[in-house]
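If you want our numbering, it's the 1-based position in the sequence shown plus 25.
Backbone N, C-alpha and C fix where the C-beta goes; we use that ideal spot for every residue, glycine too.
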Amino acid sequence: ERPQWDKFAGAISTYAADVLMGSGKVLQQPSTHLLGQNFSKPFNVKFIDQNGEEKYGYQTCYGPAISRIYGGMIAYLGDDKGLVLPFDLAPVQIIIVPIIFKGKEQAVLKEANVVLNQLKDKYLIKIDDSEESVGNKFFYWELKGVPIRIEIGPKDIEKGQFVIVRRYDGKKFFVKQEELVRKIDEIAENYTREIKERSLIDFESQIEIVYEKEAAKEAIENGKIVCCGFCSIDMKAAHCAEVVEKEIGGDVRGKRVDEETHEFATCLICGKPAGCTVYIAKSY
């Protein structure tokens, strides 16, 4: 929940989500505003209640911010090789890369098409049979964030196996032909969950629990999110928020509306009893 001094001007309260970026700043995601009757009264928007009486409506306002969600996801998950995409959002989920050697072309392409036909009804899958080098193909599809790469070469066919590469961590799996579909299903099922778990661990490691202003300032300078006690997020605490901005260098983002596990006795700034736990961070 955003502080009262940072809410949408016409709202009773504002709720939002923040994403921690690699820079140490947060990027606001979708926001939701409880408007109450602030707009229904001046615009005379009414409804008939269960008792047959006219009442002014209660309204909400939503900003889905789809472009920000995708932008935040791309910027946060991406690495030096390019995109890293959740499995369900990838336009191509599996890429088959035939490793062609002279005289072995037909055998490799035939096997690649067998694999394609095994998986195409369930997954978004392609064969890269372009004239590019194998290295360029790897580079291109890693750049695009394709979650799974299947490599098929003459030696793999001889051994009765395939090489599967998982994009988000580069891990390789050497899989027997008869185990391919099962292994692909396993990787696909767990792919997005594993990215989420890894991201959550990273996010929580960036939250610094602090009790003093100097510690908060140091944490913000190091690109952390500060978790601390605060007297309130009502307008009466606006002065403390100004001190945060001037002396600590971040903004009071608000308090969590889900489960808060951290409790504090006093406000970080004024020392009065803490009415809530807030998060402080630099933002875009």
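P172 carries a coil assignment under DSSP once its states are collapsed to helix, strand and coil.
S38 sits in a strand when the DSSP states are folded into three classes. Beyond the five residues adjoining it in sequence on each side, Y81 comes within less than 7 Å, by CB distance, of Q62, S65, K66, V70 and K71 in the same chain, given in chain order. When the beta-carbon positions are compared, K162 and I189 stay at least 8 Å from each other. Annotated as proximal: D154 and L134, with beta-carbon spacing under 8 Å. In this structure, DSSP gives I245 a helical state, which the three-state scheme calls helix. Residue burial is scored here from C-beta neighbours: T286 has fewer than 16 other C-beta atoms within 10 angstroms and is therefore classed as exposed. Counting only residues of its own chain and dropping the five nearest sequence neighbours on each side, M46 has a CB closer than 8 Å to the CB of L52, G97, A100, Y101 and Y309.
In this structure, I258 lies away from K238, with their beta-carbon atoms at least 8 Å apart. In this structure, DSSP gives D259 a state outside helix and strand, which the three-state scheme calls coil.
For D43, the beta-bridge partners assigned by DSSP are Q53.
In this structure, DSSP gives A132 a helical state, which the three-state scheme calls helix.
Check the Cα spacing between E243 and each of T302, K261, E272 and E183: the tightest is with E272. Here P298 is exposed: its Cβ has fewer than 16 other Cβ atoms, across all protein chains shown, within 10 Å. Annotation for E233: the continuous beta strand (DSSP E) segment containing it runs I232 to I234. Taking the Cβ atoms as the reference, V251 lies roughly 10 Å from G274, outside the contact range of under 8 Å. Taken in chain order, the complete beta strand (DSSP E) segments of 3 or more residues contained in the stretch 153 to 224 are 173 to 177, 186 to 191 and 197 to 201. Measuring C-alpha to C-alpha distances from T57 to each of A241, K180 and T85 identifies T85 as the nearest. Inter-residue distance for R174 and C295 is about 56 Å (C-alpha atoms, whole angstroms). Minimum Cα-Cα distance from E233 among the listed residues D146, A34, G254 and K129 corresponds to G254. Taking the C-beta atoms as reference points, I177 is found nearer than 8 Å to A137.
Distance from the CA atom of A241 to the CA atom of C256, rounded to whole angstroms, is 16 Å.
The Cβ neighbour count for A34, taken over all protein chains shown within 10 Å, is under 16; the residue is labelled exposed. Its chain contains F112, A115, Q118, R192 and Y216 as the residues whose beta carbon lies nearer than 6 Å to that of P172, once the 5 sequence neighbours on both sides are disregarded; these appear in chain order.
Buried is the label assigned to G170, since at least 16 other Cβ atoms lie within 10 Å of its Cβ. Closest option to I125, judged by alpha-carbon separation, among N142, S158 and K151: S158.
Taking a C-beta distance under 8 Å as the contact criterion, K50 and K249 do not qualify as a contact pair. Pairing Y87 with V282 gives a Cβ-Cβ distance that is not under 8 Å. The shortest C-alpha to C-alpha distance from G195 to any of V235, V140, E167 and E288 is the one to E167.
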